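> Dropping the structure in here first, questions after.
Number of protein chains: 2
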Amino acid sequence: MSKRSYDQPGCGLATALDLLGQRWTLLIVRELMVGPLRYTDLLSRLSGIGTNLLASRLRQLEQAAVLGRHELPPPAASVVYELTERGRQLESIVTGLATWGRQYVDDAAGVELDVRSEAFALHCAFRPERARYVDDVYQFEVESAVMHARVHEGRLETGVGPVPYPKATIRLDRHTWTALLRGEVEDLAARGGGLDVEGDRAAARRALRVFGRPGAVKSPGTTASR
Amino acid sequence: MSKRSYDQPGCGLATALDLLGQRWTLLIVRELMVGPLRYTDLLSRLSGIGTNLLASRLRQLEQAAVLGRHELPPPAASVVYELTERGRQLESIVTGLATWGRQYVDDAAGVELDVRSEAFALHCAFRPERARYVDDVYQFEVESAVMHARVHEGRLETGVGPVPYPKATIRLDRHTWTALLRGEVEDLAARGGGLDVEGDRAAARRALRVFGRPGAVKSPGTTASR
DNA sequence: CGGAATCCTCTTCGATACTG
DNA sequence: CAGTATCGAAGAGGATTCCG
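Heads up: the protein sequence lines correspond to chains A and B, in order. For the first sequence, position 92 matches number 92 in the working numbering, and the numbering has no gaps at all. For the second sequence, position 105 matches number 105 in the working numbering, and the numbering has no gaps at all.
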């Protein structure tokens with residue numbers, strides 16, 4: 001069993017780092033920000049982690065109530081790990097770190113899109129201060145990557161795949177997508193052909209406002225690929 | 001030499017964690033948020049770190065341009081470590097983590113005030129969104145702890161000890177101080193006797209607005225004590 | 001096949017001792 | 001004061017095995 005603690009009870013930062021400061025922990029949170037995952041999915045997405053560590057980290061995080069274990073209903077009958085409310089409170093910290101770290105990476109364009117990574121990029125580009133009164137469900141389609149986003153009460157929830165009744169479905173090519181994330185797409189018509197909307201155009205216009213930070217994420221959280 | 005990297009170039013979070021995710025690193029940033037420190041001061045404030053690790057972390061952080069090494073002018077002729085602009089960009093992440101971690105700590109009142117810890121608590125209680133048009137220098141005095149804060153262009157800078165010409169000097173007892181940090185002191189007169197202002201009362205009123213978050217830091221970042 | 005525990009090697013940490 | 005050098009202990013990573 002582990003216990004390399006900073007032993008500074010009373011200090012919030014030291015306590016937070018006792019829980020989250022170990023290797024892999026925040027990457028697990030990153031993975032779950034886009035939606036629940038099974039043990040094996042985590043294992044394959046976090047290439048290099050080693051099964052014992054993953055098990056140990058999940059146990060610690062569950063104990064700290066950062067995530068929960070849930071059994072899926074019968075058809076799937078499997079266990080998924082999911083962020084709790086406490087875990088979701090880490091979202092702005094994780095995206096903040098990701099955005100900060102971005103200044104060290106030189107953008108050699110990735111090879112293939114990973115849906116969850118792109119959905120995470122959406123989190124990084126999200127501007128809560130602009131989402132105050134927005135209540136929309138969007139579907140995004142970038143090449144083969146289909147994902148959705150719900151903006152509700154100033155918060156963002158994302159998921160992979162399509163969603164039943166989106167207010168607007170926004171289809172983009174790769175270049176327009178990264179431009180959107182950087183906040184460089186201000187107008188539905190501005191880009192010739194790179195962007196196509198189905199559904200409520202006003203909602204799509206709100207999406208352009210709510211996503212896209214000036215200095216933010218260009219290419220996304222590339223997770224393991226091999 | 002070390003290199004246990006996540007090896008996910010292209011992912012901002014993984015890159016950030018390669019730099020900051022090792023043990024002690026963010027606590028070093030925390031210490032420097034309140035102002036420059038010498039090697040030995042860091043060593044004594046981060047009880048448990050071990051001198052080789054501190055040296056190694058400082059080297060890495062300097063290389064990543066998170067902090068800088070500066071020689072003090074002749075009288076002191078000593079080296080201090082100081083956050084760079086990049087390092088200061090981590091402030092909101094560090095205070096966010098500290099605030100998040102706070103929910104796990106039960107507030108058994110600390111024994112003795114540490115000025116730097118209280119100044120750090122001020123960072124945690126700072127609300128940038130309310131500081132947009134504020135441009136003030138305050139001095140705070142809580143028991144034996146004297147510190148100052150400059151709010152300028154939406155950002156906060158703190159330091160220990162007195163400051164030449166503060167707009168307002170605010171003296172508080174310990175209880176009122178923690179209440180202030182929690183955002184529970186709304187009025188200069190509200191607390192009988194716990195608070196005393198010298199200088200510009202309007203500035204002091206702004207201070208009450210700019211510091212103090214609802215769910216925020218109660219007792220501060222207690223650093224090592226032994 | 002999903003969800004781990006075990007074993008073994010290698011890296012990192014922490015403490016102490018030592019140096020310019 | 002500001003570090004470097006050294007060394008035992010704890011933690012990480014990889015492979016293999018086990019359980020349901």
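Ideal placement from N, C-alpha and C gives every residue a C-beta, glycine not left out. None of the values given here were measured: they were computed from a predicted structure.
#1: Just mark E153 of chain A as buried or exposed, buried being the case when its beta carbon has 16 or more other beta carbons within 10 Å.
#2: For A224 of chain A and R213 of chain A, what's the separation of their Cα atoms in angstroms?
#3: For Y39 of chain B, name the three-state secondary structure that DSSP assigns.
#4: Which residue spans inside the stretch 78-143 of chain B form an unbroken alpha helix (DSSP H) run of at least 4?
#5: With 8 Å as the C-beta to C-beta threshold (strictly closer), list the residues of the stretch 77-100 of chain A near chain B in chain order.
#6: Under a three-way DSSP split, which group does V210 of chain A fall into?
#7: Alpha carbon to alpha carbon, how far is H175 of chain B from P9 of chain A?
#8: For chain B, is any of its Cβ atoms less than 7 Å away from the one on A16 of chain A?
#9: In chain order, what residues of the same chain lie with their CB nearer than 8 Å to the CB of V197 of chain A, ignoring the 5 residues before and after it?
#10: How far does the beta strand (DSSP E) with I34 of chain B in it reach, from first residue to last?
#11: Which word fits V79 of chain B, buried or exposed, when buried means at least 16 other C-beta atoms lie within 10 angstroms of its C-beta?
#12: Along chain A, in chain order, which residues have C-beta atoms closer than 7 Å to that of V105 of chain B?
#13: Thinking C-beta only, is V210 of chain B closer than 7 Å to R132 of chain B?
#14: So, at 7 Å on beta carbons, what are the nonlocal neighbours of L37 of chain B in its own chain, with the 5 sequence-adjacent residues on each side left out?
#15: What does the Cβ neighbour count give for T51 of chain A, buried or exposed, with the cut at 16 atoms within 10 Å?
#16: Return no unless some Cβ of chain A is closer than 7 Å to the Cβ of R102 of chain B.
#17: Whose C-alpha, out of A:L27, A:D18, A:L19, A:G21, is nearest the C-alpha of D7 of chain B?
#18: So, does the CB of R30 of chain B fall closer than 7 Å to a CB anywhere in chain A?
#19: Find the residues of chain B that neighbour G21 of chain A, judging by a C-beta separation of less than 8 Å, and give them in chain order.
#20: Can you tell me which of the three DSSP states D18 of chain B falls into?
#21: Within 10 Å of its beta-carbon, does G193 of chain A have 16 or more other beta-carbons around it, so buried, or fewer, so exposed?
#22: A168 of chain A by DSSP, collapsed to three states: which one?
#23: Quick one: which residues of the stretch 129-141 of chain A get their C-beta closer than 8 Å to a C-beta of chain B? List them in chain order.
#24: Thinking just about the alpha-carbon of each residue, which of A:F120, A:T99, A:D106, A:F140 is nearest to the one in G35 of chain A?
#25: Evaluate Q103 of chain A with the Cβ neighbour count: other Cβ atoms within 10 Å of its Cβ, from every protein chain shown; 16 or more gives buried, anything less gives exposed.
#26: According to DSSP, is A64 of chain B helix, strand or coil?
#27: Is the separation between the beta-carbon of L90 of chain A and that of V160 of chain A shorter than 7 Å?
#28: Taking DSSP as the reference, what is the three-state secondary structure of A202 of chain B?
According to the structure data:
#1: With fewer than 16 other Cβ atoms within 10 Å, it is exposed.
#2: A caution first: A224 of chain A carries a pLDDT of 35, below 50, which makes its placement in the model unreliable, though a value can still be read off. Using only the alpha carbons, I get a separation of about 25 Å.
#3: It is helical.
#4: Within the stretch 78-143 of chain B, the alpha helix (DSSP H) runs of at least 4 residues that lie entirely inside it are, in chain order, 85-88, 91-102, 115-125.
#5: Residues of the stretch 77-100 of chain A with a Cβ closer than 8 Å to any Cβ of chain B, in chain order: R86, Q89, L90, S92, I93, V94, G96, L97, A98, T99, W100.
#6: V210 of chain A carries a helical assignment under DSSP once its states are collapsed to helix, strand and coil.
#7: Computed Cα separation, rounded: 20 Å.
#8: Yes, A16 of chain A counts as interfacial toward chain B.
#9: Hits under 8 Å: A168, T169, I170, R171, L188, A204.
#10: A quick correction: the sequence has Val, not Ile, at residue 34 of chain B. No beta strand (DSSP E) contains V34 of chain B, which DSSP labels as neither H nor E.
#11: With a 10 Å radius around the Cβ and a threshold of 16 neighbouring Cβ atoms, V79 of chain B comes out exposed.
#12: Here the neighbours are P9, G10, G12, T15.
#13: In this structure, the beta-carbon distance from R132 of chain B to V210 of chain B does not fall below 7 Å.
#14: Excluding sequence positions up to five before and after L37 of chain B, its CB lies within less than 7 Å of the CB of E31, V80, Y81, all in the same chain and listed in chain order.
#15: That one is exposed.
#16: For R102 of chain B, the answer is yes, since a Cβ of chain A falls inside 7 Å of its Cβ.
#17: When each option's Cα is compared against that of D7 of chain B, the closest is A:L27.
#18: Look at R30 of chain B: its C-beta is under 7 Å from a C-beta on chain A.
#19: For G21 of chain A, the chain B residues whose Cβ falls inside 8 Å of its Cβ are G21, R23, L26, in order along the chain.
#20: Three-state DSSP puts D18 of chain B in a helix.
#21: G193 of chain A comes out exposed.
#22: Annotated three-state conformation of A168 of chain A is strand, per DSSP.
#23: For the stretch 129-141 of chain A, the beta-carbon criterion of a distance under 8 Å to any beta-carbon of chain B is satisfied by E129.
#24: Closest option to G35 of chain A, judged by alpha-carbon separation, among A:F120, A:T99, A:D106, A:F140: A:F120.
#25: Exposed.
#26: Residue state, collapsed to three classes: coil.
#27: Cβ distance not < 7 Å, so L90 of chain A and V160 of chain A don't count as in contact.
#28: A202 of chain B: helix per DSSP, three-state reduction.
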